[in-house]
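Okay, so here's the structure we're looking at.
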Amino acid sequence: MNCSFSRWFMVVLCMGFFLFCSRLFPYGKEFSFRVKIEPPAEEAQKVKEFQVVIDGTKVNFKAPSGNWSEWTKVASEEIETIKKFYPNLYLGRYPLVISVRMVPYTPGAKISLEYDVDGKKYSAEALHFGTGPMAIGSLQWEEDGATKMGTMAQYNHR
């Protein structure tokens with residue numbers, strides 16, 4: 157019985173320590189981004205603009221088909237909201253996972269993104285195919301003392 161209690165106590169103590177440490181190091185910086193969505197030729201006349209949304213936030217704007225949208229700032233209020241979604245809630249540290257969705261669904265659309273964080277620009281491209289929603293998993297992470305941004309694929313290939 158004492159051994160069981162000791163293990164339980166150590167697990168709770170370790171979990172509390174990790175939670176405490178994760179709050180010591182803040183993560184998630186404000187950034188700006190813009191999007192260009194190019195539908196395939198056969199869809200170009202049908203789709204004049206796309207709605208772009210960051211899941212769970214007030215970030216919601218239109219991007220003209222085939223042209224860059226205006227730069228949109230993601231402020232600290234939105235960053236704090238993003239931190240509350242899975243998997244950020246459990247990670248409590250970098251990378252910050254950001255889900256960017258675009259509608260209408262357009263198979264074969266080429267999606268380009270540009271991010272600006274701390275005055276540095278990063279770019280990414282994706283080709284949407286398949287039957288699922290048009291969503292890009294964007295990440296913000298820290299590397300060599302600098303905050304960087306890109307897609308999940310760019311993060312995994314760094």
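Residue numbers for the sequence shown follow my numbering, so the first one is 157 and each next one is one higher. Note that beta-carbon positions come from the ideal geometry of N, C-alpha and C, so glycine has one too.
Contacting residues, own chain, Cβ-Cβ under 7 Å from residue i (five flanking each side not counted)
i: SER232; result: GLU186
i: SER221; result: ILE193, PRO195, ALA200, VAL203, LYS204, GLU205, PHE206
i: TYR183; result: ARG249, TYR250, LEU252
i: VAL215; result: VAL209, THR228, VAL230, GLU234
i: GLU298; result: TYR250
i: ALA282; result: ILE267, ILE292, THR307
CA-to-CA distance, residue j to residue i, given in whole angstroms
i: LEU197; j: PRO263; result: Strictly speaking, residue 197 in this sequence is Ala, with Leu absent from that position. Taking the straight line from one Cα to the other gives about 11 Å.
i: GLU236; j: VAL253; result: 12 Å
i: SER225; j: ASP272; result: 14 Å
i: ARG190; j: TRP227; result: 5 Å
i: THR213; j: ASN312; result: 25 Å
i: GLU270; j: ARG163; result: 49 Å
i: VAL208; j: GLY301; result: 30 Å
i: LEU105; j: SER268; result: The chain is shown from 157 up to 314; residue 105 falls before or after that span and cannot be answered.
i: LEU295; j: MET166; result: 33 Å
i: TYR315; j: LYS276; result: Beyond the ends of the chain as shown, which are 157 and 314, falls residue 315; an answer cannot be given.
i: ASP211; j: SER160; result: 43 Å
i: TYR242; j: SER188; result: 22 Å
Beta-carbon proximity list for residue i, same chain, < 8 Å, skipping 5 on both sides
i: LEU245; result: LYS239
i: ASN223; result: LYS192
Contact set for residue i: own chain, Cβ-Cβ below 6 Å, skip 5 residues either direction
i: GLY306; result: TYR278, ALA280
i: ARG314; result: none
i: ASP274; result: THR303
i: ALA219; result: VAL191, ILE193, PHE206, VAL208, SER225
Cβ-heavy atom distance, residue i to the ligand ZN, below 7 Å
i: GLY306; result: As presented, the structure is devoid of all ligands, the ligand ZN included, so that no description of it is given.
Nearest-angstrom Cβ-Cβ length linking residue i and residue j, presumed shorter than 8 Å
i: ALA265; j: HIS284; result: 5 Å
- State whether the region 240–258 contacts the region 279–298, with contact taken as three or more CB pairs (one from each stretch) at a distance under 8 Å. yes
- Query: Can you list the beta strand (DSSP E) stretches of 3 or more residues lying completely in the region 243–299, in chain order?
  - Reply: 252–259, 266–273, 276–283, 290–299
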